[in-house]
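Reading the sequence shown from the start, the letters are residues 267 to 534 in this note's numbering.
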Amino acid sequence: MGKETVKPPKVVTVVNQKGGVGKTTTAINLASSLVSLGKKVVLVDFDPQGNASTGLGVGLEDRTLTSYDVLVDKCPLKDALVSCRQEGLWIVPSNSDLSSADLTLAGGKEKVTAFSSSLAEFLSDPKEADYIFVDCPPSLNLLTINALVASDSALVPLQPEFFALEGLSQLLLTIRDIRKVANESLRLEGVVLTMYDRRNNLTGQVEEDARKNLGQLVFETVIPRNVKLSEAPSYGEPILSYSPSSSGNKAYMMLAEEFLKRQGGLSD
Ligand SMILES: Nc1ncnc2c1ncn2[C@@H]1O[C@H](COP(=O)(O)OP(=O)(O)OP(=O)(O)O)[C@@H](O)[C@H]1O
Ligand SMILES: [Mg+2]
């Protein structure tokens, strides 16, 4: 805490092409927990649904410059930062403009590298942030590919249900392809089990399979199903301030601690 940051911010994309698995909940609450542990974090909302922006209390009227401007119009990331209520946390918001970005990117020169070139200037100043999290849409479209091409690692929330592992295999293949052709330093940060329900047999089975196949890449911390986590976004707050004593907050704090402990220690 209080130590001068020397490395450029680490870029972590929160990704799973399956919808509703806890990407945005994880992006918001892991970011917020890391800030409470003394880190400076920027969350980039890369989903036209804008759930991360809403969940951190940024109304549509306050989304003047968005991730669309950064990605497509080369607006400096710094100019698009909006401060959150929690000091040390910023968001680059999004709105429905972003839904046309996929097509625009497809016809442009920097089809998969637009975001990494937009980020370059921000990354050149190590004082700006410790982490940049990118919250992806539920798709392996060009937005997601741009995020992964610009990232140091991918963090995958996985809801332990039927077909979860099939989706994960497809995602891991995509990550491998991106590593081959566009970003050889991309790593898998890890897989986080979300909406974990101990009483459900399927949860246990999926967890066992995931741990058997991916070993230490699956975070030990699991995120339980907790109603407070689903309520917090409607108040525009992370769980840390909305319900500090909830099981959801305790889990995301543990995840943040585990995340920090693993930095530098693990790679796939
Ligand atoms: N651990 C949890 N306990 C209870 N509800 C949760 C939990 N995690 C997420 N939710 C709720 O589940 C829904 C989906 O979560 P979230 O929006 O984080 O998923 P997502 O993967 O970002 O979805 P999308 O693919 O649409 O972007 C939301 O209503 C959210 O509040
Ligand atoms: Mg989402």
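Ideal placement from N, C-alpha and C gives every residue a C-beta, glycine not left out.
Please read these numbers as outputs of a predicted model, since none were measured by experiment.
1. Check whether the Cβ of N361 sits closer than 7 Å to any heavy atom of ligand 2, and report yes or no.
2. Does D311 pass the burial test, meaning 16 or more other C-beta atoms within 10 Å, or should it be called exposed?
3. Looking at ligand 2, does it come within less than 7 Å of T410, judged from the CB to the closest heavy atom?
4. For Q529, count neighbouring Cβ atoms within 10 angstroms of its own Cβ and tell me buried if that reaches 16, exposed if not.
5. Within 10 Å of its beta-carbon, does L468 have 16 or more other beta-carbons around it, so buried, or fewer, so exposed?
6. Helix, strand or coil: how does DSSP classify V415 here?
7. How far does the alpha helix (DSSP H) with R446 in it extend, from its first residue to its last?
8. Hey, would you say the C-beta of I489 is under 7 Å away from at least one heavy atom of ligand 1?
9. What number of angstroms, rounded off, separates the C-alpha of G288 from the C-alpha of S417?
10. Taking A293 as the reference, which of A380, K276, A318 and V493 has the closest Cα?
11. In terms of residue numbering, what span does the alpha helix (DSSP H) encompassing Y518 cover?
12. For the alpha helix (DSSP H) that S321 lies in, which residues bound it at each end?
13. Go ahead and pull the three-state DSSP assignment for P499.
14. Nearest by alpha-carbon distance to A395: which of L521, K344, S382 and R453 is it?
15. For N412 versus A372, is the C-beta spacing smaller than 8 Å?
16. Measure how close the beta-carbons of G502 and L322 come, nearest whole angstrom, since I'm counting them as under 8 Å.
17. Could you check whether the stretch 446-462 touches the stretch 419-430, counting it as contact only if at least three pairs of C-beta atoms, one from each stretch, sit closer than 8 Å?
18. Looking at C-alpha atoms only, which residue of T440, R465 and K377 is the closest neighbour of L406?
19. Can you tell which of P342, L369, S365 and L364 has the C-alpha that lies nearest to the C-alpha of S382?
20. Excluding the 5 residues preceding and the 5 following L300 in the sequence, name in chain order all residues of the same chain whose CB lies nearer than 8 Å to its CB.
21. For the stretch 287-317, which segments carrying the beta strand (DSSP E) assignment without a break, of at least 3 residues, lie completely within its bounds, in sequence order?
22. If you measure from each CB to the nearest heavy atom of ligand 4 and keep those under 5 Å, what residues do you get, in chain order?
Let's see:
1. no
2. Burial call: buried.
3. no
4. exposed
5. With fewer than 16 other Cβ atoms within 10 Å, it is exposed.
6. helix
7. The residue asked about is misnamed: residue 446 is Lys in this sequence, not Arg. Here the alpha helix (DSSP H) through K446 covers A430 to V447.
8. yes
9. 20 Å
10. Cα-wise, what sits closest to A293 is A318.
11. S513 to R528
12. Note that residue 321 is Gly in the sequence shown, not Ser. N317 to G321 is the extent of the alpha helix (DSSP H) around G321.
13. In this structure, DSSP gives P499 a helical state, which the three-state scheme calls helix.
14. K344
15. For N412 and A372, no; Cβs fall outside 8 Å.
16. 6 Å
17. yes
18. T440
19. P342
20. Excluding sequence positions up to five before and after L300, its CB lies within less than 8 Å of the CB of V307, D396, Y397, A522, F525 and L526, all in the same chain and listed in chain order.
21. Here the runs fully enclosed are 307-311.
22. For ligand 4, the structure offers nothing, since it holds only ligand 1 and ligand 2.
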